[in-house]
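Undergrad: Sharing a structure below in structure tokens format, with a few things to ask.
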Amino acid sequence: MVLYTPQPSWRYAIFQVPAFLAVVFLTLALLTNLWGWFPPTVSVKMMLDLSSSTYQGSDFRGVGTLMAAEIEAVKAYARENAATSRPNSLSLSGFADQVIPITSDFASDAVAITSALDTVVQPAIALQVGSGTNLDLAVKQGLASLSSQSKCKELLVITDGEAHLDQVQLIRAQDSGVKLNFLIVRPTVPANLARAAEFTRGVALPTAASNIQDLVANQLRQRFNSNSKFVNLFWGLAFIAVMWMLVLPLDRFLQRQWQIRFDFAGRLALFNALFWTLLTLWWWGLPVVQGC
């Protein structure tokens with residue numbers, strides 16, 4: 003009589019198929035991260051503080067002023083953005099007591115955006131926007147502008163003014179899927195703006211005028227265009243595949259080392275794989291389903 007001798011786990015399809023899928027998903031995660039696959043389609047609304055504190059007396063847009071730093075930062079963002087394979091749609095407005103459009107619509111043409119900045123942001127605009135800083139109005143108008151966009155929506159406000167923001171704007175931002183982002187030209191970020199950014203999954207950063215260009219053109223632009231949710235999804239799918247790959251080895255381990263009955267050991271191994279599958283899909287898969 004010939005007795006059946008179990009083969010090594012790796013000889014069975016229940017091990018081989020998940021192992022193959024794990025390699026595929028790991029490769030996709032690495033390549034997506036390296037080559038920037040699956041970039042989001044993003045609309046960005048920038049609100050630039052043009053109040054009297056952003057320039058010095060009659061030195062409108064003068065070298066070293068916050069206004070000049072804002073303008074150069076946006077121009078750099080537009081140039082870097084236009085050079086990407088899937089550029090963001092960008093719209094600009096200036097604000098103080100009032101909000102004044104700088105660009106007429108969302109666009110990715112760096113030349114047109116630069117021209118609009120140089121044409122609109124001139125000394126005469128000071129009489130139109132006033133001298134104060136109405137942050138609440140800036141956010142309200144920014145949300146209204148983004149309401150026509152169906153893409154991932156980011157609102158960026160650059161200011162050195164007082165941080166008064168109505169709770170109503172946070173609810174509107176969350177309901178419309180807009181992330182609120184703030185660059186505050188101060189040593190610290192006001193607590194209410196930090197909470198607003200966190201509430202809408204945006205960021206609130208303190209900065210100096212000299213650092214605005216790097217933050218806007220590089221760090222924030224890369225954040226807006228991040229494909230990390232797809233990288234995380236592929237890592238998660240690879241992890242799920244590994245959990246299913248371990249079903250048979252775990253089943254045998256439970257039988258041999260813990261002396262658990264074969265039928266109960268099999269159920270435990272399957273439950274382990276199913277548990278991690280559901281948890282991983284919820285943790286890393288849900289952001290992809292939700293979109294932005």
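Add 2 to a position in the sequence shown, counting from 1, and you land on the number used in the working numbering.
Where is the CB? At the ideal position from N, CA and C, for every residue including glycine.
#1: Run through DSSP, which three-state label would E156 get?
#2: Measure from the alpha carbon of L310 to the alpha carbon of each residue in A75, N227 and F273, then state which is nearest.
#3: Quick check: the Cα distance between G300 and L68, rounded to an integer number of angstroms?
#4: Can you tell me whether R13 is buried or exposed, with buried defined as 16 or more other CB within 10 angstroms of its CB?
#5: Assuming V44 is part of the beta strand (DSSP E), what are its boundary residues?
#6: Below 8 Å on the Cβ atoms is my guess for Q314 versus V101; work out the distance and round it to an integer in Å.
#7: Following the continuous beta strand (DSSP E) through F264, name the residue where it begins and the one where it ends.
#8: Are the beta-carbon atoms of V205 and A199 separated by less than 9 Å?
#9: Can you list, in chain order, the residues of its chain with a C-beta nearer than 8 Å to that of R188? Leave out the 5 residues immediately preceding and following it.
#10: Hey, out of T86, F27 and R174, whose CA is closest to K155's CA?
#11: Rounded to whole angstroms, what is the Cα-Cα separation between A240 and P289?
#12: Let me confirm a value: P20 is counted as buried when at least 16 other C-beta atoms fall within 10 Å, else exposed. Which label applies?
#13: Could you pull the start and end residues of the beta strand (DSSP E) that I104 belongs to?
#14: Quick check: the segment 250-269 against the segment 124-138, are at least 3 beta-carbon pairs closer than 8 Å?
#15: State the beta-bridge partners of N183 as determined by DSSP.
#16: Please say whether L256 and A243 have beta carbons closer to each other than 9 Å?
TA: With the structure as the only source:
#1: strand
#2: The structure shown does not extend to residue 310, since the chain is modelled only from 3 through 294, so no value can be given for it.
#3: The question about residue 300 has no answer, for the chain in this structure spans 3 to 294.
#4: exposed
#5: V44 to D51
#6: Residue 314 lies beyond the stretch modelled for the chain, which goes from 3 to 294, so this question has no answer here.
#7: No beta strand (DSSP E) holds F264; the alpha helix (DSSP H) holding it covers F264 to T282.
#8: With a cutoff of 9 Å on beta-carbon distance, V205 and A199 are scored as near each other.
#9: Counting only Cβ-Cβ distances below 8 Å, and skipping sequence neighbours, we find D162 and P208.
#10: R174
#11: So the alpha carbons of these two residues sit roughly 17 Å apart.
#12: buried
#13: No beta strand (DSSP E) holds I104; DSSP gives it neither H nor E.
#14: no
#15: L158
#16: no
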